[in-house]
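K.L.:
Pasting a structure below so you can have a look.
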Amino acid sequence: MTTTSSARTVARGARGRAVPVFNELRLHKWTGGRPCTLKELEAKYLRQSAGSSPDGEQGWLNWGLRRLSDERVVGTVQTTLSPLGTPGFSAELAWVVGSDHQGNGYAREAATAMVKWLRTHDVVEVTAHVHPQHEASNTMARALGMTTTNVVADGEVLRRGSGSWFEAACDGEDERAATNF
């Protein structure tokens, strides 16, 4: 399992420790659905730990986001990797931070660390699907250098970053963000 860290967080496997973070209704306002039971969450993590889609067309990277000060799980960061027609990969990003931990910069630190790592592994484009009214996630996407597209799926707008997105997103961030993978 690949591990990454930023100044205050480490991203690595979470398993059952994530249940309290995701077992609350407020969090599902933007992600949809309902909180998973421990059994459902473990089954989901088992599927994700395969590292790729069943057809092998996409790669999956999933990390539990832990606060360094107490090792408490505060959320997750994820990416789905797809080959592009040209050399390099596209990475669809996702971040979820528990309601009680939002507003502390954990998602930005972890996503920036993930983007830095992805850039060193032939990723030339990042995307994210964000609900247009979810201000926190739209702010995150802008912080990562993503722009809004006209593509809408399931009520979420596709955000995209390429070209100079890496330099803009990571300029001035903590140097540790690119280490410990």
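Be aware that the sequence shown starts at 1, since it is given in the UniProt record's numbering, and climbs by one per residue. The beta carbon of each residue, even a glycine, is placed where N, CA and C say it ideally should be.
(1) Buried or exposed: which applies to Gly103, given that a residue is buried once 16 or more other Cβ atoms fall within 10 Å of its Cβ?
(2) Below 8 Å, can you find three or more Cβ-Cβ pairs linking the stretch 119-126 to the stretch 94-102?
(3) Check whether the stretch 123-132 and the stretch 60-70 touch, using three or more Cβ-Cβ pairs below 8 Å as the test.
(4) Let's see if you can read the secondary structure: which residues bound the alpha helix (DSSP H) around Glu40?
(5) Whose C-alpha, out of Thr139, Glu109 and Glu135, is nearest the C-alpha of Gly75?
(6) Short of 6 Å in beta carbon distance, which residues of its chain neighbour Gly105, apart from the five on each side in sequence? Order them along the chain.
(7) Between which two residues does the alpha helix (DSSP H) containing Leu27 stretch?
(8) In terms of residues, what are the limits of the alpha helix (DSSP H) holding Asn138?
(9) Who are the Cβ neighbours of Leu27 in its own chain at under 6 Å, not counting the five residues just before and after it?
(10) Exposed or buried, Lys29, counting other C-beta atoms within 10 Å across all chains shown (16 or more means buried)?
(11) For Thr120, does the three-state DSSP call read helix, strand or coil?
(12) Given that a residue counts as buried once 16 or more other Cβ atoms are within 10 Å of its Cβ, and exposed if not, what is Thr50?
(13) Say whether chain B places a C-beta atom closer than 7 Å to the C-beta of Arg119.
P.N.:
Taking the geometry as given:
(1) On the sequence shown, residue 103 is found 103 positions in, with the first residue counted as 1. Exposed is the call here.
(2) no
(3) no
(4) Along the sequence shown, read from residue 1 onward, the residue named residue 40 stands at position 40. Start and end: Leu38 to Gln48.
(5) Stepping through the sequence shown from its first residue, residue 75 is reached at position 75. Checking every option, the nearest Cα to that of Gly75 belongs to Glu109.
(6) Position 105 of the sequence shown holds residue 105. Once the five neighbours on either side are set aside, Gly105 has no close Cβ partner at all.
(7) The count along the sequence shown starts at 1 and reaches residue 27 at position 27. That residue, Leu27, is in no alpha helix (DSSP H); it is neither H nor E in DSSP.
(8) Locating residue 138 in the sequence shown gives position 138, counting from the first residue. Looking at the DSSP string, the run of the alpha helix (DSSP H) that includes Asn138 is Glu135 to Ala143.
(9) As a first step, residue 27 is located in the sequence shown; it is residue number 27 there, counting from the start. Correct list, in chain order: Ser99.
(10) The residue labelled residue 29 in the question sits at position 29 within the sequence shown. Label assigned to Lys29: exposed.
(11) As a first step, residue 120 is located in the sequence shown; it is residue number 120 there, counting from the start. Of the three classes helix, strand and coil, the one that applies to Thr120 here is coil, per DSSP.
(12) The residue labelled residue 50 in the question sits at position 50 within the sequence shown. For the record, residue 50 in the displayed sequence is Ala; it is not Thr. When all chains shown are included, Ala50 counts as exposed.
(13) The chain labelled as chain B is not found in the depicted structure, where only one protein chain is given.
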